[in-house]
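This report refers to the structure that appears directly beneath it.
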Amino acid sequence: MTKRKLKVGVVGATGMVGQTFMNILAEREFPIEELRPFASENSLGKKISLQGKEWPCQVLKENCFDGLDLVFFSSGDDISKEWAPKAVASGAFAVDNSAAFRMDPNTVLIVPEVNGHLVNKDSKPQIIANPNCSTIQLVVALKPLQDKFGLEEVRVSTYQAVSGAGKDGYDELLTQTANHERDEHAPKTFPHQILFNCIPQIGSFNDQGFCSEEVKIMKETRKILGQPNLKVSAFTVRVPALNAHSESVWVTLKKETSQEQILEALHNFEGIVVQDDPKKSVYPLAHKVSGEDPVYVGRIHRDPEDPKMWLMWVVSDNIRKGAALNGIQIAEQIFFT
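Dropping the structure here:
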């Protein structure tokens, strides 16, 4: 069956995630009749190449979404708050990569492998929220365990790459690395030097001592898994990896099971690759996972103090599955399933 071609907008088309959107649309041969890339005035008229055609960048203005079927947003909360509702009013689905609508009770928060059934070809144009990058890989790894054994509690510590802070964060690590012999590096994107360092802060802190990234993970995980009373605790750390986030996860199940059954559940779940032979030093690595689509899981073992608690190591490309790819999979769920 031939897929109908869509008229697609991308807001934030020249940014790191926006460029990844373009790459993945090309890789997956996403059927496009028209592309409208939107960026700042500095990029007005700049050509974006996709599927053998060049499309000039536009700026956001009234009625700019008219005639589009779908608009991807990857340009920050404020822009999404203002313009995503306008995209829907113009008759387009708005897939939003910002945090603006994630916890809105009237907005679905989608990871297709986990809760993709909430949107389909019969859905009306609406805003669909793309979760936080570190949440996406976590819930993909948790979902098969939830389905088979039930979830009681989740604790996660993240080790997040600098690309999560955008191109400025990526460039800051490269610049500091190129000048690594200096004693000190003045930080711009991060609160401290990132080279040779780990920073236990991603976002701003609340009065309870949690930073905003941790709050996102805890709230979004409950919403996506449809388990509002699930105990979730998160601790997030920025590390000097260029791309792909890593997570150590402690998950307490509702019933006892074996490692073989855990491995089978993970192996059989869409979007997961298991790399688990720790005695041979086989486990997911950010350096290897960068540029790949799946969520990788390894170091799966039982806690010696609690027979229902399991530990695992979860790694995924935060720009691909953690942002652009997940958004495109949402679009495919709506239009092509």
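When we follow this note's numbering, the leftmost residue of the sequence shown carries the number 206, and every step to the right adds one. Glycine included, C-beta positions come from ideal geometry on N, C-alpha and C. These figures come from a predicted structure and were not determined experimentally.
Rounded separation between residue i and residue j - CA only
{"i": "residue 427", "j": "residue 279", "result": "23 angstroms"}
{"i": "residue 260", "j": "residue 470", "result": "44 angstroms"}
{"i": "residue 247", "j": "residue 374", "result": "20 angstroms"}
{"i": "residue 423", "j": "residue 257", "result": "42 angstroms"}
{"i": "residue 496", "j": "residue 221", "result": "13 angstroms"}
{"i": "residue 473", "j": "residue 366", "result": "28 angstroms"}
{"i": "residue 499", "j": "residue 526", "result": "7 angstroms"}
{"i": "residue 545", "j": "residue 359", "result": "The structure shown has nothing for residue 545, since the chain only spans 206 to 542."}
{"i": "residue 502", "j": "residue 494", "result": "11 angstroms"}
{"i": "residue 223", "j": "residue 520", "result": "22 angstroms"}
{"i": "residue 348", "j": "residue 316", "result": "10 angstroms"}
{"i": "residue 433", "j": "residue 416", "result": "20 angstroms"}
{"i": "residue 513", "j": "residue 466", "result": "13 angstroms"}
{"i": "residue 445", "j": "residue 390", "result": "14 angstroms"}
{"i": "residue 338", "j": "residue 510", "result": "31 angstroms"}
{"i": "residue 236", "j": "residue 401", "result": "44 angstroms"}
{"i": "residue 229", "j": "residue 529", "result": "8 angstroms"}
6 angstroms CB neighbourhood of residue i in its chain, flanking five on each side removed
{"i": "residue 242", "result": "215, 218, 253, 260 and 262"}
{"i": "residue 206", "result": "Note that residue 206 scores a pLDDT of 49, beneath 50, so its modelled location is shaky; the value from the coordinates is reported in the next line. For residue 206, where only same-chain residues beyond five positions count, there are no Cβ hits under 6 angstroms."}
{"i": "residue 541", "result": "208"}
{"i": "residue 295", "result": "270 and 271"}
{"i": "residue 507", "result": "515"}
Reference residue i; option with closest CA among the options
{"i": "residue 522", "options": "327, 489, 347 and 513", "result": "489"}
{"i": "residue 403", "options": "414, 324 and 362", "result": "362"}
{"i": "residue 407", "options": "398, 369 and 388", "result": "369"}
{"i": "residue 487", "options": "475, 473, 500 and 504", "result": "504"}
{"i": "residue 476", "options": "341, 333, 379 and 452", "result": "341"}
{"i": "residue 273", "options": "464, 331 and 284", "result": "331"}
{"i": "residue 398", "options": "413, 232, 410 and 382", "result": "382"}
{"i": "residue 310", "options": "416, 321 and 334", "result": "334"}
{"i": "residue 328", "options": "308, 336 and 297", "result": "297"}
{"i": "residue 438", "options": "448, 431, 457 and 210", "result": "457"}
Sequence-distant residues of its chain with Cβ nearer than 7 angstroms to residue i (five each side left out)
{"i": "residue 462", "result": "354"}
Close-in-space but distant-in-sequence residues of the same chain around residue i (CB under 8 angstroms, 5 per side omitted)
{"i": "residue 393", "result": "373 and 377"}
{"i": "residue 284", "result": "216, 217, 265, 278 and 303"}
{"i": "residue 538", "result": "315, 317, 321, 324 and 325"}
{"i": "residue 459", "result": "354, 355, 356, 357 and 513"}
Residues that DSSP places opposite residue i in a beta bridge
{"i": "residue 359", "result": "437 and 456"}
{"i": "residue 261", "result": "252"}
Just list the beta strand (DSSP E) runs in the segment 215-258, keeping only unbroken ones of 3 residues or longer that don't cross its boundaries, in chain order.
237-243 and 252-255
Ignoring anything shorter than 3 residues or poking outside the segment 434-496, list the beta strand (DSSP E) runs there in chain order.
436-443, 450-458 and 477-479
Which residue spans inside the segment 358-397 form an unbroken beta strand (DSSP E) run of at least 3?
none
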